[in-house]
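**Q** Pasting a structure here, questions to come.
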Amino acid sequence: MLCRIGCLWLNWRMISSKRLGRSFFDRPTLQVARELLGTRLVRMEGEQRTAGIIIETEAYIGEKDLGCHASAGVTPRTRVLYGPPGRAYVYFTYGNYWMLNFVTEREGFPAAVLIRGIVPTEGIDRIATRRAGRPPKHWTDGPGKICIALEIGKAQNNNDLCVHDAEIFVEFGENIPDSCVTPGPRVGLNGVPEPWKSIPWHFLARYEPQGA
DNA sequence: AGCACGATTAACT
DNA sequence: GTTAATCGTGCTC
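Numbering (this note's numbering), first residue to last: 1346 to 1557.
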């Protein structure tokens, strides 16, 4: 009886959960990158939520993709990319900035989605403090800015997004129709040879926050 | 140990 | 439009 109740409770948790599970990330990276648009990125800081709607993503897929860090093979840094899907890959670049990615596809295949833009929805006061002096329009419109606004750094690298007490996770959001999505080349790959430099693995959503 | 570079940002002209 | 800042990472010696 107790077991039955336990199972029902677990089922209820699964069905009613607003969170994306591991199966969401264990799929082709382009599909994950596209479908992440409109979902909600949540950063737990103790009991407080800081969050925003994801509106811009980029896919980095495998060792053959010369724009992907995994083109260098397994190194201390890229090890996370080869790990199981549904983990955070957080790396440091340009001497100043952290970048948040979600690892995708099966364990052993290195791929991830970079989170490039969100629209803040919760914890606005904390975001405003961390982005002080900048206009709201530029609070979270870049991958480095998102990590500043949500206080994401080295400590979150390799974090599992799909456990109950995750610091970072993603919730289902509203559906973004294809008519509101603009694919294009990935940003910042100037030294990367074609076709990787121009391949349209960047996804930008036109998103109108409620009431605007 | 040394070197070149980077999935950026902010402040310039 | 251009460019400086800044340092971990990966590669070579």
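Even for Gly, the Cβ is constructed at its ideal location relative to N, Cα and C.
Under 8 Å by Cβ, that's how I've got W1570 and I1497 pegged, so tell me the actual separation to the nearest angstrom.
**A** One cannot answer for residue 1570 here, as it falls past the ends of the chain, which runs 1346 to 1557.
**Q** With R1432 and V1419 assumed to form a contact (beta carbons below 8 Å), what rounded beta-carbon distance in angstroms separates them?
**A** Incorrect: roughly 15 Å between the Cβ atoms, too far for contact.
**Q** So who's on the other strand from W1402, going by DSSP bridges?
**A** The sequence given here has Thr at residue 1402, not Trp. For T1402, which the question treats as bridged, DSSP gives the partners I1460, F1548.
**Q** Any chance you could list the beta strand (DSSP E) runs of at least 3 consecutive residues sitting entirely within the stretch 1384-1431, in chain order?
**A** Taking only runs of at least 3 residues, the beta strand (DSSP E) segments lying wholly in the stretch 1384-1431 are 1385-1390, 1393-1406.
**Q** Figure out for me which residue from F1514, N1535, W1546 has the closest Cα to the Cα of S1362.
**A** It is F1514.
**Q** Express the C-alpha separation of P1481 and G1366 in angstroms, rounding to a whole number.
**A** For G1366 and P1481, the distance between alpha carbons rounds to 31 Å.
**Q** Can you tell which of E1403, E1401, L1445 has the C-alpha that lies nearest to the C-alpha of N1504?
**A** Of the listed residues, the one whose Cα sits closest to N1504 is L1445.
**Q** Might you give, ordered along the chain, the residues of its own chain that have their beta carbon closer than 8 Å to the beta carbon of I1350, omitting 5 neighbours on each side?
**A** No answer about I1350 holds up, because its pLDDT of 41 lies below 50 and its placement is not dependable.
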